[in-house]
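Colleague: The opening position of the sequence shown corresponds to residue -9 in the working numbering, with each subsequent residue numbered one higher.
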Amino acid sequence: MNAAAKSNLKKNAGNMTEGSILGCLLTFAFPILIGNIFQQLYNVVDTAVVGNVLGDNALASIGAAAPIYSLVVSFANGITNGFAVIIARAFGADKEDEIRKSVALTFVLTAVLSVIFMAGSLLLLNPLLNFLETPATIIKETKQYLFIILAFSVATMFYNMFAGMLRAIGNSRAPLYFLVIAMIINVLLDIILVKYTPLGVAGAACATVIAQLMSVVLCIVYIYKKCPMFIFRPKDVVWDGRLIGELLSTGLSMGLMIVVVSIGSVALQRAVNSLGEQTIAAHTAARKIDDIFMLPLGTITMAASTFTSQNFGAGKMERVKKGIITSILIDFVWSAFACLCSVFGSGLMVQLLSGTKDPVVLNCATNYIRINLPFFFVLSILLVLRSSLQSVGRKLIPVIGSIVELIAKFLAVIVIVPMFGYMGVCFLEPVIWILSAMLVCVEYVRFVRANRQFCCDEEKSKTKPRTVSSL
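#1: In chain order, which continuous runs of the alpha helix (DSSP H) of length 4 or greater are located wholly inside the stretch 109 to 152?
#2: In three-state DSSP terms, what is Pro455?
#3: Less than 8 Å between the C-beta atoms of Ser252 and Ser426, yes or no?
#4: Using C-beta distances below 8 Å, list every residue in its chain close to Leu12, excluding the 5 sequence neighbours before and after it, in chain order.
#5: Kindly provide the ranges of any alpha helix (DSSP H) runs that are 4 or more residues long and lie completely inside the stretch 171 to 245, ordered along the chain.
#6: Can the beta-carbon of Arg384 be found closer than 8 Å to that of Phe222?
#7: Return the residue from the list Thr146, Gly72 and Ile159 that minimises the CA-CA distance to Val481.
#8: With Gly303 as the anchor, note down where its alpha helix (DSSP H) starts and where it stops.
#9: Quick check on the burial criterion: 16 or more other C-beta atoms within 10 angstroms. Buried or exposed for Gly110?
#10: Could you give the DSSP three-state label for Val256: helix, strand or coil?
#11: Nearest to Arg163 by CA position, among Ile359, Val340, Asn441 and Ile213, is which residue?
#12: How many whole angstroms separate the CB atoms of Thr289 and Ile76, which I take to be in contact at a CB cut-off of 8 Å?
#13: Within 10 angstroms of its Cβ, does Gln30 collect 16 or more other Cβ (buried), or is it exposed?
#14: Which value, in whole angstroms, describes the spacing of the CA atoms of Ile424 and Leu342?
#15: Does the distance from the C-beta atom of Ser377 to that of Thr291 stay below 8 Å?
#16: Using the rule of at least 16 other Cβ atoms within 10 Å of the residue's Cβ for burial, across every protein chain shown, is Lys347 buried or exposed?
#17: Could you have a look at Ala398 and say whether DSSP puts it in helix, strand or coil?
#18: Please state whether DSSP places Ser10 in a helix, a strand or coil.
#19: Closest to Arg139 by CA distance: which of Ala74, Ile52 and Val374 is it?
#20: What three-state label does DSSP hand Arg442 in the structure shown?
#21: Rank Ala55, Ala126 and Ser264 by C-alpha distance to the C-alpha of Tyr135 and give the top, closest one.
#22: Around the C-beta of Arg439, are 16 or more other C-beta atoms found within 10 angstroms, so that it is buried, or is it exposed?
#23: Suppose you measure from the CA of Val351 to the CA of Gln268; what does that come to, to the nearest Å?
#24: With DSSP as the reference, label Val382 as helix, strand or coil.
#25: With a threshold of 16 other CB atoms inside 10 Å of the CB of Trp324, please say whether the residue is buried or exposed.
#26: Considering Ile406, what are the terminal residues of the alpha helix (DSSP H) in which it resides?
#27: If you check the beta carbons only, do Val310 and Thr296 fall under 8 Å apart?
#28: Is the beta carbon of Gly391 closer than 8 Å to that of Gly245?
#29: Since Leu363 is in the alpha helix (DSSP H), which residue starts that stretch and which ends it?
#30: Should Glu236 go down as buried or exposed, given a rule of 16 or more other Cβ atoms within 10 Å for buried?
#31: Taking the alpha-carbon positions, what's the Ile404 to Leu119 distance?
#32: Would you report the Cα separation of Val206 and Ile200, rounded to the nearest angstrom?
#33: Leaving out the 5 sequence neighbours to the left and right, which residues in its chain are closer than 8 Å to Leu287 when beta-carbon positions are compared?
#34: Alpha carbon to alpha carbon, how far is Cys331 from Pro364? Give it in angstroms, no decimals.
#35: For Glu131, I'd like the list of residues in its chain whose CB is within less than 6 Å of its CB, leaving aside the five on either flank, ordered along the chain.
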């Protein structure tokens, strides 16, 4: 590819195959972190609108829908992020034709999977609500809310697809802008449809769907104007068994990995529910604080995934290794801060978030935070290596690690919580993180050894991109 064509390809994109590794990671990660913070703020506002206007039952119905809605979003994120990995590799290799073909097939596969997922989730809606033991007093509104969300889950899939495509080329700013605009639209529509129409919780669902559709439109307009490399032609939609296999295996493995973890969390929540209202309140507050501190770890993980994909596509194996280590070190710095907060501020944080003065709630929540946050060092290794291994085609071990987590959480429901109570819950995830981290560390060493011959000199970093077996 000549210099002019290469310059056009990199326009409105973030090339992570050159320059400071730390700078690339932080520049890419910062807009994603801001977007995650906005998402947290939106969730608070959305909850406040529904709770204040419609009352406790309506709020409870949306709360009961949260685990299923989380599964929808997690699955969409996982699959489309997997597709984006393949696009990022082609981008790193400066192969515009390969990018167009990958985008075209990503579009087709996303459309097909969206329809399958929508139909399947609607058919399973009643069994899922029964499994979650949704109270009879709110099940009608919960079902109404979820039916609308699931019927239009294609919008969720396509927004995540477009956002993943943009992040694949290092552009994390545009998805942030669209997310903020969508959230503003969502909040305004929440107020209008919930307060001034008889739709009730269905109004909140409609507001979410409309906002997502608007974000899809914004993505399409932006890509059409700013990212010509993504505008594919009919001839780009071709049957390429190798590429389709790569897209499906990477997308489905990432989607499965996230969904399996989410299912395990739902099972664990059932175990917590059996311990009484005080424990539920404590766990809810502790998890909220835990999730806040986990945001930067997830952000750096996403940055590491894109960085690894681009540089793997460019054949820069030494830069891949340095990017992974740098990502882990960034997470270690944040983990040290989280650890200090857990030691000196956990009780205050629980009081500020929950407003409780109940000593049982404070004690349980504080124990959870003080036990979990110090293990963020292990979690950092797990998250970065798991996403990076997926990005270089090593898919099997990360999925196995997720299955181990699922089994452990179901084991907690049956054995650990009945035997050890809430302390069993507190220690469960750190133990899972250690086991899963050991698995991915072994696989990372295997990956490094398998690619050692490509790290010898600068010339070999310019070879064609490679696909590494996941076995």
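Note that the Cβ used here is the ideal one computed from N, Cα and C, for glycine as well.
Modeller: For this structure:
#1: 115 to 121 and 129 to 141
#2: Note that Pro455 scores a pLDDT of 46, beneath 50, so its modelled location is shaky; the value from the coordinates is reported in the next line. Coil.
#3: no
#4: Thr316 and Ile320
#5: 191 to 216
#6: no
#7: The chain is shown from -9 up to 461; residue 481 falls before or after that span and cannot be answered.
#8: Glu267 to Gly303
#9: exposed
#10: helix
#11: Ile213
#12: The Cβ separation is near 22 Å, so there is no contact.
#13: exposed
#14: 31 Å
#15: yes
#16: exposed
#17: helix
#18: coil
#19: Looking at the sequence provided, one finds Ile at residue 139 rather than Arg. For Ile139, the nearest C-alpha among the options comes from Ile52.
#20: helix
#21: Ala55
#22: exposed
#23: 6 Å
#24: coil
#25: buried
#26: Premise fails: Ile406 is in no alpha helix (DSSP H) and is neither H nor E.
#27: no
#28: no
#29: Taken as a continuous stretch (DSSP letters only), Leu363 belongs to no alpha helix (DSSP H), as it is neither H nor E.
#30: buried
#31: 21 Å
#32: 10 Å
#33: Asp321, Trp324, Ser325, Phe366, Leu369, Ser370 and Leu373
#34: 10 Å
#35: Ser51 and Val191
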